[in-house]
Amino acid sequence: MYFKIRGMKDNDIDRIIDIERESFEYSYPPSLIMQAYTSFPEGFLVVEEANSKKIIGYIMCIIEWRNGHIISIAVSKEYRNRGVGTMLLNASEHILFKRYNINNIVLEVKFDNKIARKFYYSRGYEDKRLLKNYYDDGSDAILMVKKNPYMSSKNGPIIINMW
26 MYFKIRGMKD NDIDRIIDIE RESFEYSYPP SLIMQAYTSF PEGFLVVEEA NSKKIIGYIM
86 CIIEWRNGHI ISIAVSKEYR NRGVGTMLLN ASEHILFKRY NINNIVLEVK FDNKIARKFY
146 YSRGYEDKRL LKNYYDDGSD AILMVKKNPY MSSKNGPIII NMW
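Residue numbers (this note's numbering): 26 to 188.
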């Protein structure tokens, strides 16, 4: 099976909303998804199954205070554990670190989501801070950070005060 990554298009939104709802108990509303897309279209990527052109995953990122922020990443259940999430994360990191030379990429993940946390740890993300009662259901999140590996250490320490 062959997968292709590309930028999101306006007519992809319904499928992205379906994947979002399938993946998360509390999904983002379509208005927020469209707001993220219009504010930073380059940060919104999808993966499609090459033969059928069916969208099977997406990632949405924005840039805030010289940091990339992964708002959401999800892969349709039937395509998980096939490298689709890694494709999306690699492509987003390339855009954010190489093209925009951002300092760090940050994301929030549910504290008890061991699978997602293990995935991010394997990609070089580190726990930065516990965010108590972060989600609508009152559960906690972990703020995770990955420093730009292409920046020299003479740029100074990572300082993230806004979270």
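Heads up, the beta-carbon is just placed ideally off N, CA and C, and yes, glycines get one too.
Per DSSP, which one or two residues make a beta bridge with K102? Against the sequence shown, residue 102 aligns to sequence position 77. None; K102 has no bridge partner.
Cβ distance (whole Å) where E74 is taken to contact M26 below 8 angstroms
The sequence position of residue 74 within the sequence shown is 49, counting from 1. The sequence position of residue 26 within the sequence shown is 1, counting from 1. With a Cβ gap of about 7 angstroms, E74 and M26 count as contacting.
inquiry  = Going by C-alpha to C-alpha distance, which of Y62, K139 and F49 sits closest to D37?
reply    = Within the sequence shown, the letter at position 12 stands for residue 37. The candidate whose alpha carbon is nearest that of D37 is Y62.
> Quick one: what's got a C-beta closer than 8 angstroms to I127's C-beta in the same chain, skipping five residues either side?
Replying inline: By one-based count along the sequence shown, residue 127 stands at place 102. Same-chain partners within the cutoff: I88, R91, N92, G93, L121 and N173.
Can you find at least 3 beta carbon pairs, one from the stretch 149-169 and one from the stretch 101-112, that sit closer than 8 angstroms? no
Check your understanding: How close, in whole Å, do the beta carbons of S97 and M85 come, if the pair is a contact with beta carbons under 8 angstroms?
Key -> Here residue 97 refers to the residue found at position 72 of the sequence shown. Here residue 85 refers to the residue found at position 60 of the sequence shown. Yes, they are in contact, since the Cβ atoms of S97 and M85 sit about 5 angstroms apart, within 8 angstroms.
Notebook entry, point to check: So Y51 packs on D162, CB below 8 angstroms; how close in whole Å?
Noted result: In the sequence shown, residue 51 corresponds to position 26, counting from 1. In the sequence shown, residue 162 corresponds to position 137, counting from 1. Confirmed, about 7 angstroms.
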